[in-house]
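Numbering (this note's numbering), first residue to last: 14 to 796.
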């Protein structure tokens, strides 16, 4: 008899018709891809210690350093002077330079022309207004004209004892604004009078600015300034930006405006771009040579040049399409990310941080999962484009995954048919059994922290031909990846009876192994592997497996559904019915993960669940099971939409668009939530080309709402341990964008704020390719 039904299944009578709406799609086209570069003394700069930057009208970039001025002509840096530079600004057809006690003009191809000498004061910034040059100094604002340096006595009087000014800017109508410790001031172009500015916004907020560190006029003539209170813009009325408005950080050092209305802010912890109402935070070595950004300048193409103590940074705006980005990642994978003759796809390490010239590939626990997800992407690619290269890549992925089922056959130890290895290691490499954690002593130590951990040898048996060691103790996430890939390959790529039979054979062997072993994957020691346990006796009755009950029930139903789809074998239909009718596996799957709201729980489970939900809804022949699992998938996604995950969003939309369910009160649509497509495409656009594991710090940000304790960790964990984990989300209700953090796969916790790393690991681009090609295949992306 069927077990007790929970979560109101008795209330839900699904609509008789399970409709499929036409998939919405968006034409993406070319967009602006951020691409970073760093220039140092090795590239021709006099010094890495950059104090100031300016872009001249001819597009050349000038960098002031503690050892002189340098010019970049678009191809190389050339030193121009050898005396320390404190400030530089575009002036006429060249630049004005403050060096020593002299203000000079440097025209293209000419020697420096002295404009004026000035007393020994520290110049914090320089700007030009018409033919006048204004200086923000530690002792007030000065201006240069007619061969002299003049003080703004009226402004000095208004500033009182707070004489330090940090910024000065001129508008197109000759208006001048200056900011410093005393506040923000404007000089009327008609009267020459200075007046303090006190921004007051329509929402009731008003500021008396202090410590104003940046001021600039944008391409539309709007005034921007930055102070410890935040950033503000005046366009006939004031708009104020604080953390609650999306501003990430407020320890500013400067501002520069771009040609399309974008505004860049330099800070002591990275750079910030405000563009089309969106804040973009550029912190860490992915984006700049140093977190300390002393100044920023923007060229006519919209690229930002950053002055730092470690060199000049460039964030280029490069026109790119998603298809071009995909080709970039495909090429990178072919160069750096294929391991063994079977070409398992995964990240690699490099000898020198940020340098791809010398890299090393090694195994991981999840070679099958990662290669499976990469291969599924290539299946979607071939189905969408009919590109023979995609077909060849998918074929190679199949051979790699298939070998993980072939490798254990008749090897050093006896394995049951259908056992799947985690990965393989060529015997030309050092014996992995000698690694400390794979010795018997190492495994026994692991048991101190995990009572279900198994200690046995060998962990890495030899294959029959002794060419490989293969890794045992295969986990549930590996199987999820295998079945996700095999289903896609069978349907979308395998186009001959012979090839389809090869896929069926692998899937049948694995599935039969699971069924005859009470739905467990059994290793050569005669017991189930640590994590591939799907037995009703365990997931329904053993408290130690209660956390995995929902996900493992879902996984097993999904595996059996894929096998049923490929083979038509009634034995798999019978197994599905048994697990549903006698053990309530479909009811278990309604809560595939124990969690306490968005951001909580194991995020590796999310990646696994989405693969399984997608397959079971797509391939089941049972309408009732399809409806139940679609609703379960919809419930699961309720906490996933804020993650802006293109894989998750596309997977649900592909099978849930147009779905409904009916309860005792009404019939309800369970379409994807508003914004799912825009979020998915935005994430794909933002994926950085730089896949090194640079550190990213976000815990200090002003625009972050911290997750409460119950959503950061397991409720049984000590509160102090949980609260040390910096986790949260932006004030817009969504996680950090992908270009403001680093991860290799979709199993990472996207609610984490800080990401360690030193650039010594290079992640592959399959994390982009699979959802991109999936979206292309299902018609969500049009190019």
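Yeah, the Cβ is synthetic: ideal placement off N, Cα and C, and Gly gets one too. Everything numeric in this text was worked out from a predicted model, so none of it was measured.
Ends of the beta strand (DSSP E) at residue i?
i           : result
residue 47  : 44-52
residue 117 : 115-119
residue 137 : 136-142
residue 774 : 768-775
residue 75  : 74-78
residue 793 : Unbroken run through residue 793: none, as it is neither H nor E.
residue 320 : 317-321
residue 481 : 481-483
residue 90  : 90-92
residue 107 : 107-112
residue 492 : Segment 489-505 is the alpha helix (DSSP H) holding residue 492; no beta strand (DSSP E) there.
residue 368 : 368-373
So is residue i buried or exposed if we call it buried at 16+ other beta carbons inside 10 Å?
i           : result
residue 204 : exposed
residue 219 : exposed
residue 407 : buried
residue 478 : exposed
residue 12  : This structure leaves residue 12 out entirely; the chain is present only between 14 and 796.
residue 133 : exposed
residue 3   : Here the chain has residues from 14 to 796 only, and residue 3 is not among them.
residue 443 : exposed
residue 794 : buried
residue 298 : buried
residue 272 : exposed
residue 242 : buried
residue 8   : Given a span of 14 to 796 for the chain in the structure shown, any question on residue 8 remains unanswerable.
residue 641 : buried
Could you tell me whether any Cβ in chain B is nearer than 8 Å to the Cβ of residue i?
i           : result
residue 640 : Among the protein chains of the structure shown there is no chain B, as only one such chain exists.
Have a look at the options and flag the residue whose alpha-carbon is nearest the alpha-carbon of residue i.
i           : options            : result
residue 672 : 665, 682, 172      : 682
residue 488 : 621, 179, 102, 575 : 621
residue 47  : 639, 234, 702      : 702
residue 66  : 307, 300, 299, 254 : 307
residue 102 : 89, 92, 95, 82     : 82
residue 289 : 301, 300, 276      : 276
residue 250 : 257, 285, 415, 213 : 213
residue 270 : 257, 37, 318, 242  : 318
residue 578 : 707, 635, 654, 169 : 635
residue 55  : 39, 732, 92        : 92
residue 727 : 615, 378, 758, 664 : 615
residue 628 : 596, 76, 574, 602  : 574
residue 167 : 160, 161, 176      : 176
residue 559 : 775, 123, 201, 605 : 605
residue 40  : 334, 736, 404      : 334
Hey, how far is the Cα of residue i from the Cα of residue j?
i           : j           : result
residue 619 : residue 668 : 17 Å
residue 70  : residue 685 : 49 Å
residue 304 : residue 235 : 28 Å
residue 644 : residue 552 : 22 Å
residue 190 : residue 246 : 13 Å
residue 531 : residue 762 : 32 Å
residue 34  : residue 90  : Note that residue 34 has pLDDT 44, beneath the 50 cutoff, so the model's placement of it is unreliable and the number below is only indicative. Between residue 34 and residue 90, the C-alpha separation is close to 57 Å.
residue 106 : residue 121 : 7 Å
residue 688 : residue 293 : 19 Å
residue 506 : residue 463 : 41 Å
residue 419 : residue 433 : 8 Å
residue 541 : residue 282 : 50 Å
residue 265 : residue 450 : 48 Å
residue 521 : residue 447 : 34 Å
residue 226 : residue 110 : 20 Å
residue 510 : residue 291 : 52 Å
residue 724 : residue 612 : 6 Å
residue 300 : residue 327 : 8 Å
residue 153 : residue 172 : 8 Å
residue 458 : residue 729 : 23 Å
Which residue comes first and which comes last in the alpha helix (DSSP H) that contains residue i?
i           : result
residue 235 : It is not in any alpha helix (DSSP H) - residue 235 carries neither H nor E in the DSSP assignment.
residue 620 : 616-632
Notebook entry, point to check: Could you give the uninterrupted runs of the beta strand (DSSP E) lying entirely in the stretch 383-466, keeping only those of 3 residues or more?
Noted result: 437-439
Check: At what residue ranges does the stretch 126-207 contain a whole run of the beta strand (DSSP E), taking only runs of 3 or more?
Finding: 126-130, 136-142, 145-150, 153-158, 161-164, 178-183, 189-193, 196-200
Next item on the list: Note down, one range per segment and in chain order, each beta strand (DSSP E) of at least 3 residues found wholly within the stretch 225-313.
Entry: 227-230, 236-240, 243-247, 251-254, 265-270, 276-280, 283-288, 291-295, 308-311
Next item on the list: With a floor of 4 residues, list each alpha helix (DSSP H) that falls wholly inside the stretch 667-755, ordered by position along the chain.
Entry: 689-699, 722-725, 732-736
Notebook entry, point to check: Which full runs of the alpha helix (DSSP H) of 4+ residues lie inside the stretch 530-597, going along the chain?
Noted result: 549-552, 562-580, 583-594
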